[in-house]
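2 protein chains.
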Amino acid sequence: MDNLLDFSSRLQNDDQRSLNTMLEITKFAIPEIIFGRGSINRAGQCALRHGAKKVFLVSDSGIEQAGWVQRLMEILEAEGIDWIYYPRVTPNPRDFEVEQGAEFYLKNGADVIMAIGGGSVMDTAKGIAIIASNGGVIRDYEGANRVQRPLPPMIFLTTTAGSGSDISQFCIITDVKRAVKMSIITRSQVPNIAIIDPLILRTKSKKLITLSAIDALAHAIEAYLSRIASPFTMPQSLKAIDLIFRNLTPAVQTGSLDSLEKLSIASINASMAFSNAGLGAEHALAHSLGGQFDMSHGVVHPILLTTVMRYNLESSLSRMADIGRVILDRKLGSERETALVGIEKLEEFFASFDVSLKLSAIVEDSERQHLESLCKMAVNDACNLTNPRPAAWQDLLAICEEVW
Amino acid sequence: MDNLLDFSSRLQNDDQRSLNTMLEITKFAIPEIIFGRGSINRAGQCALRHGAKKVFLVSDSGIEQAGWVQRLMEILEAEGIDWIYYPRVTPNPRDFEVEQGAEFYLKNGADVIMAIGGGSVMDTAKGIAIIASNGGVIRDYEGANRVQRPLPPMIFLTTTAGSGSDISQFCIITDVKRAVKMSIITRSQVPNIAIIDPLILRTKSKKLITLSAIDALAHAIEAYLSRIASPFTMPQSLKAIDLIFRNLTPAVQTGSLDSLEKLSIASINASMAFSNAGLGAEHALAHSLGGQFDMSHGVVHPILLTTVMRYNLESSLSRMADIGRVILDRKLGSERETALVGIEKLEEFFASFDVSLKLSAIVEDSERQHLESLCKMAVNDACNLTNPRPAAWQDLLAICEEVW
Chain A
120 MDNLLDFSSR LQNDDQRSLN TMLEITKFAI PEIIFGRGSI NRAGQCALRH GAKKVFLVSD
180 SGIEQAGWVQ RLMEILEAEG IDWIYYPRVT PNPRDFEVEQ GAEFYLKNGA DVIMAIGGGS
240 VMDTAKGIAI IASNGGVIRD YEGANRVQRP LPPMIFLTTT AGSGSDISQF CIITDVKRAV
300 KMSIITRSQV PNIAIIDPLI LRTKSKKLIT LSAIDALAHA IEAYLSRIAS PFTMPQSLKA
360 IDLIFRNLTP AVQTGSLDSL EKLSIASINA SMAFSNAGLG AEHALAHSLG GQFDMSHGVV
420 HPILLTTVMR YNLESSLSRM ADIGRVILDR KLGSERETAL VGIEKLEEFF ASFDVSLKLS
480 AIVEDSERQH LESLCKMAVN DACNLTNPRP AAWQDLLAIC EEVW
Chain B
120 MDNLLDFSSR LQNDDQRSLN TMLEITKFAI PEIIFGRGSI NRAGQCALRH GAKKVFLVSD
180 SGIEQAGWVQ RLMEILEAEG IDWIYYPRVT PNPRDFEVEQ GAEFYLKNGA DVIMAIGGGS
240 VMDTAKGIAI IASNGGVIRD YEGANRVQRP LPPMIFLTTT AGSGSDISQF CIITDVKRAV
300 KMSIITRSQV PNIAIIDPLI LRTKSKKLIT LSAIDALAHA IEAYLSRIAS PFTMPQSLKA
360 IDLIFRNLTP AVQTGSLDSL EKLSIASINA SMAFSNAGLG AEHALAHSLG GQFDMSHGVV
420 HPILLTTVMR YNLESSLSRM ADIGRVILDR KLGSERETAL VGIEKLEEFF ASFDVSLKLS
480 AIVEDSERQH LESLCKMAVN DACNLTNPRP AAWQDLLAIC EEVW
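Put into structure tokens, the structure is as follows:
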């Protein structure tokens with residue numbers, strides 16, 4: 120995403136020569152990954168490896184009630200590691216909470232930050248890590264690459280397999296005064312270690328399984344088509360698409376740990392890809408729609424994704440055919456045919472789940488008038504910059520009207 | 120490779136139940152990667168990001184004469200970073216050299232280690248990092264996971280794109296008294312950042328281009344078939360195979376920067392895979408042969424690899440077909456057919472380069488008697504443990520006789 124932000128600032132400078140130079144450099148940063156059933160038990164050794172004497176443990180009341188915080192404390196104690204627990208995480212973490220957390224961290228002389236939870240918990244931990252090591256307030260770091268000094272070692276355990284915050288260089292914190300969600304983006308926010316234990320994930324509802332897998336699928340597809348996709352992100356995208364296509368249906372039907380585990384792997388692959396390659400116009404629209412109508416990504420993707428893919432087809436024929444080949448598990452007569460039949464198959468796939476396929480199903484008729492201003496916002500979303508085909512607000516509006 | 124070593128110790132304990140449990144946990148650790156023409160210019164910012172005030176710069180006389188060390192010093196100075204230069208690297212670095220280097224590091228109060236060079240330079244830097252932060256002598260750390268305390272930040276720039284030391288968790292140092300090469304293996308040896316600048320790589324000879332690409336191809340194939348290959352290593356293997364098949368011929372024929380760059384990407388993909396998945400019987404044999412007859416890996420692979428693949432065919436039919444599909448760029452009627460025709464195509468590929476295809480071409484007739492003892496050594500090589508089909512020394516000897 121640094122790539123993306125470099126990219127964005129170069130585009131804004133309208134300096135095509137610099138842009139070409141810049142595109143020749145690509146970056147790929149991910150945490151060390153420890154994946155598998157029971158991998159939570161490695162948390163203590165991981166902390167020791169990063170020199171932990173006293174771990175700063177971040178979580179929330181839901182995870183605590185499920186018993187995972189207690190479990191982690193016992194694992195740390197068994198390795199002779201001291202800990203201090205910071206439980207005050209709320210959904211959509213706010214600036215002052217992060218700043219209070221940093222104060223608490225410094226006062227207690229902790230040396231490694233460990234978070235167990237969903238996106239809010241992990242983003243809170245990232246925010247605390249920034250302030251504790253770089254000082255100031257969190258607003259100082261809004262945007263890309265504003266963090267100068269190294270963060271304390273971070274070890275994250277995800278409980279949702281959706282947000283990708285345990286893999287990515289992103290952190291979202293609400294600025295209360297301005298009432299905006301700040302994006303803080305820097306490679307130093309990639310945690311040192313992500314521990315993904317499928318046994319923690321198996322309590323998800325069918326609805327949540329479907330929506331988070333579709334979210335990962337959209338990440339994988341848009342990252343594959345991104346203008347800054349690289350040979351390091353592209354194999355990860357294709358692997359994620361393959362795994363989700365083969366495993367979402369059995370996961371929903373049987374809830375088997377085996378299928379859930381494969382979806383969790385797919386989400387990791389997709390996060391590796393999008394964290395480093397960025398996304399596209401579909402996510403730009405999803406962000407605007409989600410902000411306005413308070414809906415999650417997973418809800419919007421089945422409505423928008425294939426229409427945005429058709430919009431991008433001509434500019435990405437060969438890559439769209441790669442996606443088609445993975446979906447269909449074979450090549451057809453031409454790239455165009457493989458691409459198009461792949462997109463049709465993707466539409467059938469979405470239709471086989473209990474999800475909305477039209478915008479009118481989730482947005483009131485009376486709200487339709489807001490689409491134009493939404494699309495005008497969406498063209499400025501960072502994701503729109505890496506879309507393979509330039510998209511003006513009129514193009515985005517045409518897409519929204521088509522799927523209405 | 121930690122996986123591999125866990126695996127190895129479990130196998131030695133002959134505890135099948137623990138083995139099964141262990142196999143459910145997989146790890147994937149790679150450095151942050153910055154790839155592209157001119158990426159050397161990012162070295163200063165990378166050092167700052169890791170808190171550098173004084174960089175410990177490791178290289179050798181060849182790289183120095185080529186001007187790269189001077190270039191790096193200027194880049195650091197431009198960012199206001201002090202440096203101290205440690206030039207005393209020799210091929211196949213020895214224990215006392217590493218220990219002297221650590222003394223020099225500590226005496227000079229450096230805080231980040233930067234290495235520019237091939238495998239010897241980077242392995243020397245890793246050895247210095249271990250002693251400087253963990254004390255003792257390098258022999259104390261032989262084997263897997265013997266390093267307890269975190270290492271200083273390491274930023275590596277490879278000049279060969281062959282060894283993979285800039286990506287991997289391996290370090291090879293010679294124990295002078297025992298006259299053996301020690302393998303030191305630990306995740307803490309994965310550098311923080313690997314900067315791969317194809318402009319540094321473009322001075323390689325055709326022979327070196329061919330041999331290092333074939334080495335990377337063998338890494339990719341054996342890692343894909345490994346018993347501990349994971350969904351994180353497998354896409355990287357297939358990408359490497361694809362890139363080498365499509366780009367080695369043009370790279371040798373035209374020497375174009377574009378093809379060389381793609382081979383360099385392939386080597387990174389292959390290193391990500393083998394560092395985390397381990398290798399197989401072909402590398403076990405290559406290590407023994409290489410040790411005895413002082414030949415490089417790249418020379419042995421075209422002789423052994425396809426015969427070892429045929430030996431493994433029945434135990435890995437589906438994965439061997441995946442490899443065939445990438446090589447042929449299509450599936451044939453059955454998995455077996457795709458796999459076998461893929462192996463034939465690989466033989467044709469090797470035969471199209473100026474390389475030996477029979478063992479008798481590189482080993483004297485009078486040395487043939489040593490093959491049996493070589494194979495008895497090779498079965499105990501760590502690589503043999505992750506081969507998809509168990510291989511006794513008699514099996515390895517039959518392979519050697521077949522390719523004689």
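As they're listed, the protein sequences go chains A and B.
Here the first sequence stands for residues 120 to 523, numbered as in this note's numbering.
Here the second sequence stands for residues 120 to 523, numbered as in this note's numbering.
The C-beta atom is built at its ideal place from N, Cα and C for all residues, glycine as well.
Distance, residue j Cα to residue i Cα
i: Y343(A); j: R438(B); result: 24 Å
i: F147(B); j: V522(B); result: 35 Å
i: S307(A); j: I249(A); result: 9 Å
i: D230(A); j: F175(A); result: 7 Å
i: I153(B); j: I387(B); result: 11 Å
i: S72(B); j: E183(A); result: This structure does not reach residue 72(B), given that chain B is present from 120 up to 523, and the question cannot be answered.
i: H406(A); j: A497(A); result: 7 Å
i: A359(A); j: L191(A); result: 29 Å
i: R168(B); j: S178(B); result: 22 Å
i: P272(B); j: N311(A); result: 13 Å
i: T572(B); j: K173(B); result: In the structure displayed, chain B extends from 120 to 523; residue 572(B) sits before or after that span and is not available.
i: R297(B); j: P212(B); result: 14 Å
i: L515(B); j: E463(B); result: 21 Å
Buried or exposed by the 16-neighbour rule on C-beta atoms within 10 Å, applied to residue i
i: K226(B); result: exposed
i: R129(A); result: Only weak support is given to the placement of R129(A): the predicted model assigns it a pLDDT of 38, under 50, and the value that follows is read from those uncertain coordinates. Per the 10 Å Cβ criterion, buried.
i: D448(A); result: exposed
i: R161(A); result: buried
i: T278(A); result: buried
i: K323(B); result: buried
i: V299(A); result: exposed
i: N132(B); result: Bear in mind that the predicted position of N132(B) carries a pLDDT of just 37, short of 50, making it too unreliable to give a figure here.
i: P206(B); result: exposed
i: D377(B); result: exposed
i: A510(B); result: buried
i: D316(B); result: buried
i: V256(B); result: exposed
i: V309(A); result: buried
Three-way DSSP call (helix, strand, coil) for residue i in this model
i: A400(B); result: helix
i: A298(B); result: coil
i: A263(B); result: strand
i: M414(A); result: coil
i: I286(A); result: coil
i: D309(A); result: This sequence places Val at residue 309(A); Asp is not what is there. Coil.
i: T352(B); result: coil
i: I387(A); result: helix
i: T373(A); result: helix
i: I314(B); result: strand
i: T518(A); result: A quick correction: the sequence has Ile, not Thr, at residue 518(A). The answer is helix: DSSP assigns I518(A) an H, G or I state.
i: T457(B); result: helix
i: I462(A); result: helix
i: I481(B); result: coil
i: T293(B); result: strand
i: L504(A); result: helix
Within chain E, the residues that residue i reaches when beta carbons sit closer than 7 Å
i: T145(B); result: Of the protein chains in the structure, A and B, none is chain E.
Residue i Cβ short of 7 Å to the ligand MG heavy atom set
i: R306(B); result: Among the ligands in the structure shown, none appear at all, so the ligand MG cannot be discussed.
Would you list, in sequence order, the uninterrupted beta strand (DSSP E) runs of no fewer than 3 residues that lie entirely inside the segment 146-205 of chain B?
151-155, 173-177, 201-205
To be precise: take each residue of the segment 327-361 of chain B, compare its Cβ to all Cβ atoms of chain A, and keep it if any distance is under 8 Å. Which residues remain?
S349, P350, F351, M353, P354, Q355, L357, K358
Contained alpha helix (DSSP H) runs [length at least 4] in the segment 206-281 of chain A, N- to C-terminal order:
214-226, 238-253
Those runs of the alpha helix (DSSP H) which lie wholly inside the segment 320-350 of chain A and span at least 4 residues
325-344
Listed in chain order, which residues of the segment 259-292 of chain B have Cβ atoms closer than 7 Å to some Cβ of chain A?
R268, P269
Chain A contacts from the segment 162-193 of chain B (Cβ-Cβ distance under 7 Å):
R168, H169, G170
Using a Cβ cut-off of 8 Å, which residues of the segment 296-312 of chain B contact any Cβ in chain A, in chain order?
R306, S307, V309
Under 8 Å, CB to CB, which of the residues in the segment 418-435 of chain A have a partner in chain B?
none
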